[in-house]
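Beneath this line is the structure, given in structure tokens, with notes to follow.
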Amino acid sequence: MLISWKGANTDERRATAQIQAKTLHHTLYQANTYACGPHIQQNPVKLGLFGPARLPAAKRNNRYGSIFMRAIRQKEKESYAIRLRGFESLVQAANAVASPHRSKFATISFYPRRRTSSAYIVRKMSKSPYPFPYSQAAKLDPRIKIPRPIIDPALAPLVDSGSLPEELDVDFMRGVAAGGEDSPWVYNADTITKEKQFLKHTEHSVSGPDNNTITLSVFTPREPSKAALPALYHIHGGGMISGDRFTAVTPLIDLLADIECIVVTVEYRLAPETRAPGPAEDCYAGLVWMSQNASTLGIDPSNIVVFGLSGGGALAAATCLMARDRNSPTIPIKAQMLLTPMLDDRCETLSDKQFEYGSPWSGISNRMAWSCIIGDYRGTDRVTPYQSPSRATDLSNLPPSYIDVGECEVFRDPAVLFAGNMWRCGSTCELHVWPGAWHGFDMLENPNMPLVQTAIVAKRNWLKRIMVP
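Going by the UniProt record's numbering, 151 is the number at position 151 of the sequence shown; the sequence numbering is gapless.
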């Protein structure tokens with residue numbers, strides 16, 4: 001979302017906030033707030049915040065709680081993760097960061113949650129962010145040699161307000177920069193049910209394929225209207241190397257706002273500690289348990305949709321292939337939804353080449369992630385469909401599917417080819433390629449951006465057609 005806001009009092013009158021929210025790998029959000037203070041005017045630097053940002057109403061006199069930033073020091077070009085807490089105003093916080101005692105930051109990102117004190121550097125990022133605006137990368141980055149679709153100009157401010165390193169930083173993706181349990185973007189059952197008070201949470205442990213334990217979180221309406229409800233089986237994003245079962249569950253629940261259903265979300269093992277197909281086997285084991293225990297959970301086993309975003313999309317596709325091949329669950333899965341899915345370890349399509357550079361999830365990051373997932377034989381004939389779903393040659397007898405992808409991302413062509421192979425094999429699929437859009441562009445609703453709204457409405461309509469009798 002992109003929000004403009006001006007403070008109501010003297011200190012904040014000159015502060016303008018632009019908030020940007022999007023999913024990067026395991027649905028970290030970025031936000032930028034531009035504040036004008038005496039130190040800021042002298043030292044213009046860009047910052048990005050990770051965490052779901054909310055802007056307080058202008059007339060409220062609330063303290064700003066945790067402020068968490070990723071900053072670029074102007075001279076050294078080094079990136080830092082910063083958390084500030086307990087400031088009364090944007091300008092006060094901005095001046096604290098931009099003061100000579102800090103690294104003279106010019107832009108401040110904020111997150112209003114907790115009320116503690118002090119400002120400190122949490123962790124230095126190990127990689128430098130991409131140096132050009134993503135929307136202008138084809139013009140400014142000399143490495144980009146082949147034509148490629150341009151980012152929708154209406155969406156450009158969203159994607160250009162923050163940048164990430166081209167090379168994969170697994171530790172940063174896993175939130176090491178958060179500095180521990182008191183991170184400003186803590187997502188767990190308590191935070192989700194506090195925001196979505198109509199839901200209750202239960203937790204279940206399932207035996208995994210390697211004598212491991214798989215944890216499932218189940219979010220159920222407190223007052224269900226019937227004994228057996230539709231269910232969505234959520235497999236989180238994060239490139240199969242980061243995130244947890246609570247990642248992006250809140251926006252998922254928003255997507256299901258008009259559907260009375262149960263959400264089951266699985267904690268699968270991550271790469272590189274667990275190579276593929278281990279994560280997919282965890283997801284499959286959780287799905288089978290969910291179906292077998294449907295009556296206890298209040299689920300209609302004939303109305304289960306498997307859902308995966310990004311890396312979770314690959315695991316969702318692999319899970320459905322396993323369910324088909326193994327004839328289990330005995331009651332077939334009703335449908336699968338693969339959002340901007342990470343399907344092909346070979347990374348050789350046209351879209352892979354077009355967005356090798358200058359993309360929030362670049363070809364460089366994509367290959368590095370797949371190497372974490374599969375290991376040294378990534379791209380070889382040894383890779384199976386359970387490791388990389390695009391390797392499947394038989395996509396028949398799969399559940400009805402929804403696939404969407406951005407036009408301006410590496411996952412575009414593998415997603416289109418996967419849908420085409422489903423049709424070739426007689427399966428049905430609704431495919432959307434969103435023009436001028438990048439990876440995860442529509443993670444949060446924005447009424448001022450028609451393409452974002454159109455993409456969200458399309459998802460909601462499909463889910464409603466599938467899940468509501």
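No residue lacks a Cβ here, since even glycine has one placed at the ideal position from N, Cα and C.
query	result
So what does DSSP say about Q453, is it helix, strand or coil?	helix
Does DSSP classify V263 as helix, strand or coil?	strand
With 16 other CB atoms within 10 Å as the buried threshold, where does I235 fall?	buried
Alpha carbon to alpha carbon, how far is L417 from A138? Give it in angstroms, no decimals.	25 Å
On the criterion of 16 or more Cβ atoms from any shown chain inside 10 Å, does V457 qualify as buried, or is it exposed?	exposed
Can we say the region 428–444 touches the region 369–386, given the rule of at least three CB pairs closer than 8 Å?	no
What distance in whole Å lies between the Cβ atoms of Q354 and I146, which are believed to be in contact at a cut-off of 8 Å?	6 Å
Between Y134 and A154, what straight-line distance do the alpha-carbon atoms span, to the nearest angstrom?	13 Å
Report the three-state DSSP secondary structure of K353 (helix, strand or coil).	helix
What is the C-beta distance between I403 and P332, in whole angstroms, given that I count them as a contact (C-beta under 8 Å)?	I403 to P332, Cβ: 19 Å. No contact.
Check whether the region 369–381 touches the region 293–301, counting contact only when three or more Cβ pairs, one atom from each stretch, lie closer than 8 Å.	no
Starting from G311, trace the alpha helix (DSSP H) both ways and give me its first and last residue.	G311 to R326
Would S109 be called buried (16 or more neighbouring beta carbons within 10 Å of its own) or exposed?	Residue placement at S109 cannot be trusted, given a pLDDT of 35 that sits under 50; what the coordinates show is reported in the next sentence. That one is buried.
With A231 as the anchor, note down where its beta strand (DSSP E) starts and where it stops.	L229 to I235
From L463 to R275, what does the alpha carbon distance come to, in whole angstroms?	31 Å
Assign D152 to buried or exposed, taking buried as 16 or more other Cβ atoms, counted over all protein chains shown, within 10 Å of its Cβ.	buried
Looking at the structure shown, is T428 part of a helix, part of a strand, or coil, going by DSSP?	coil
Below 8 Å between beta carbons: does that hold for residue 493 and C347?	Any question about residue 493 goes unanswered here, given that the chain covers just 1 to 469.
Taking three-plus beta-carbon pairs below 8 Å as touching, is the region 247–267 in contact with the region 356–370?	no
On a Cα-Cα basis, can you pick out the residue from A285, L350 and L338 that is closest to S328?	A285
By the three-class DSSP mapping on this structure, what secondary structure does S365 have?	helix
Which residues in the same chain as D344 place their Cβ atom closer than 7 Å to its Cβ, once the five residues preceding and following it in sequence are excluded?	S388, S390 and P414
Taking only the alpha-carbon atoms, compute the straight-line gap between F198 and L451 and give it to the nearest angstrom.	30 Å
For residue 470, collect the residues of the same chain with a Cβ closer than 6 Å to its Cβ; drop the 5 residues on either side in sequence, then sort them by chain order.	Nothing about residue 470 can be reported from this structure: the residues present for the chain run from 1 to 469 only.
Decide if E281 is buried, meaning its Cβ has at least 16 other Cβ atoms within 10 Å, or exposed.	buried
Would you mind sorting G311 into buried or exposed? The rule is 16 or more other CB atoms within 10 Å of its CB.	buried
Using the C-alpha atoms, what's the distance from G406 back to L309?	13 Å
Which class does N421 belong to by DSSP, given the choice of helix, strand or coil?	helix
Between which two residues does the alpha helix (DSSP H) carrying S291 extend?	G278 to Q292
Can you tell me whether DSSP reads Q387 as helix, strand or coil?	coil
On the three-state DSSP scale, how would you describe D300?	strand
For a test of the three-state rule: what should DSSP assign to I403, helix, strand or coil?	strand
Whole angstroms are fine: how far does the CA of E409 sit from the CA of H39?	Annotation note: pLDDT 28 at H39 (below 50); position unreliable, coordinate value reported separately. The alpha-carbon atoms of H39 and E409 are separated by roughly 38 Å.
Do G313 and L287 count as a contact pair if the criterion is CB distance below 8 Å?	no
Going by DSSP, what residues sit across from F219 in a beta bridge?	H201 and V263
Between Y357 and I192, which are expected to be in contact by the criterion C-beta below 8 Å, what is the C-beta distance as a whole number of angstroms?	Contact doesn't hold; Cβ gap of about 37 Å is too wide.
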